[in-house]
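Participant: When we follow the numbering used here, the leftmost residue of the sequence shown carries the number 211, and every step to the right adds one.
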Amino acid sequence: CPRCKPTVTFDLSQPQRVLEHIASHILHDIAIDRDLEACGLCLRPSPQCQLQLQKPKGCNGNPAVNINASSCPNLIKFQYKVAAHSSPSSPCSNVPISCPLCSAVIWRYNLCVHFRKQHQSSLHLPQYTAIWTLSNIETYEMAKIWKERHKKVIKRGRKKVVAPRLRISEAHSSRLTLK
211 CPRCKPTVTF DLSQPQRVLE HIASHILHDI AIDRDLEACG LCLRPSPQCQ
261 LQLQKPKGCN GNPAVNINAS SCPNLIKFQY KVAAHSSPSS PCSNVPISCP
311 LCSAVIWRYN LCVHFRKQHQ SSLHLPQYTA IWTLSNIETY EMAKIWKERH
361 KKVIKRGRKK VVAPRLRISE AHSSRLTLK
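1) Assuming Cys-214 contacts Arg-359 (C-beta within less than 8 Å), just tell me the rounded distance between them.
2) Pro-257: which of Leu-311, Ser-379, Ser-280 and Val-218 sits nearest, CA to CA?
3) Which residue comes first and which comes last in the alpha helix (DSSP H) that contains Ser-234?
4) Start and end of the alpha helix (DSSP H) containing Val-292?
5) How far does the alpha helix (DSSP H) with Ile-378 in it reach, from first residue to last?
6) Over the uninterrupted beta strand (DSSP E) stretch that includes Ile-316, give me the two end residues.
7) Out of Asp-245, Arg-244 and Val-315, point me to the one whose CA is closest to Asn-276's CA.
8) Along the chain, where does the beta strand (DSSP E) that runs through Ile-307 open and close?
9) Thinking C-beta only, is Cys-302 closer than 9 Å to Ala-241?
10) Hey, how far is the Cα of Arg-377 from the Cα of Ser-384?
11) At what residues does the alpha helix (DSSP H) containing Phe-325 begin and finish?
12) With a CB to CB cut of under 6 Å and the five nearest residues on each side skipped, what residues in its chain are close to Ala-248?
13) Which first and last residues belong to the alpha helix (DSSP H) in which Glu-348 is found?
14) Just reading off the alpha helix (DSSP H) that Ile-341 is part of, what are its end residues?
15) Would you identify the three-state DSSP class for Ser-296, choosing helix, strand or coil?
16) Between the C-alpha atoms of Asn-278 and His-231, what's the straight-line distance to the nearest angstrom?
17) Where Lys-361 and Ala-373 are concerned, what is the direct C-alpha to C-alpha distance, given to the nearest angstrom?
Written out as structure tokens, the structure is:
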């Protein structure tokens, strides 16, 4: 993490955890200036870090970050559809989205600031406030992630499940056919 002391190292095989950690800084770190619209991957101000979205494939497809056209130094691949929806196991929904009014790509947790700065007259319209308003559960879980950001997460291996041996009766055994 570019901000944490002591240093927090990310497991890049779990991009959702990276998004959660950085998003917790955006929401709760008093050293982050919200007016600078920090990047959801590196915390640099939005003019320094630009993301581009690819159009969804198919009529029901989801957008994706265009890796080749984006300029974030911490750019990682993540599943947009999973990251965009808050769930108990993955509460963060901070993803880059296209502003519905100017099509700039803005991180969801920064969209209210973007509207306040760029689209003041539309700031309180319900169809837009719904985009950046977090549920109570997401707010609570993101605060919990912020408080526990320095805890070491121990990755547990999967338990090997030993299947019980299958007992075959003599009547169903193939040994009788071999005699």
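Note that beta-carbon positions come from the ideal geometry of N, C-alpha and C, so glycine has one too.
Since this is a predicted model, take the numbers as computed values, not measurements.
Facilitator: This is what the structure gives:
1) In the sequence shown, the residue the question calls residue 214 occupies position 4. In the sequence shown, the residue the question calls residue 359 occupies position 149. Their Cβ separation, rounded to whole angstroms, is 7 Å, which keeps Cys-214 and Arg-359 in contact under 8 Å.
2) Looking up residue 257 in the sequence shown gives position 47. For Pro-257, the nearest C-alpha among the options comes from Ser-280.
3) By 1-based counting over the sequence shown, the position of residue 234 is 24. Unbroken alpha helix (DSSP H) run through Ser-234: 225-238.
4) Looking up residue 292 in the sequence shown gives position 82. Its alpha helix (DSSP H) spans residues 290-293.
5) Looking up residue 378 in the sequence shown gives position 168. No alpha helix (DSSP H) holds Ile-378; DSSP gives it neither H nor E.
6) Translated into the one-based positions of the sequence shown, residue 316 becomes position 106. 315-317 is the span of the beta strand (DSSP E), which, as asked, contains Ile-316.
7) On the sequence shown, residue 276 is found 66 positions in, with the first residue counted as 1. Ranking the options by Cα distance to Asn-276, first place goes to Val-315.
8) One-based indexing of the sequence shown puts residue 307 at position 97. Segment 306-308, the beta strand (DSSP E) holding Ile-307.
9) As a first step, residue 241 must be located in the sequence shown, where it is residue number 31. As a first step, residue 302 must be located in the sequence shown, where it is residue number 92. No, these two residues do not count as a Cβ contact at 9 Å.
10) For the purposes of this step, residue 377 is taken as the residue at position 167 of the sequence shown. For the purposes of this step, residue 384 is taken as the residue at position 174 of the sequence shown. C-alpha separation (whole angstroms): 13 Å.
11) On the sequence shown, position 115 is the one that residue 325 refers to. Element bounds for Phe-325: 321-328.
12) Your numbering for residue 248 matches position 38 in the sequence shown. These residues qualify, in order along the chain: Ile-236 and Ile-242.
13) Residue numbering aside, residue 348 sits at position 138 when the sequence shown is read from its first letter. First-last of the alpha helix (DSSP H) with Glu-348: 346-357.
14) To locate residue 341, count along the sequence shown from 1; it is residue 131. Its alpha helix (DSSP H) spans residues 336-342.
15) Here residue 296 refers to the residue found at position 86 of the sequence shown. The answer is coil: DSSP assigns Ser-296 none of H, G, I, E or B.
16) As a working mapping, residue 278 is identified with position 68 in the sequence shown. As a working mapping, residue 231 is identified with position 21 in the sequence shown. Taking the straight line joining both Cα atoms gives about 24 Å.
17) On the sequence shown, residue 361 is found 151 positions in, with the first residue counted as 1. On the sequence shown, residue 373 is found 163 positions in, with the first residue counted as 1. Rounded to whole angstroms, Lys-361 to Ala-373 spans 35 Å at the Cα level.
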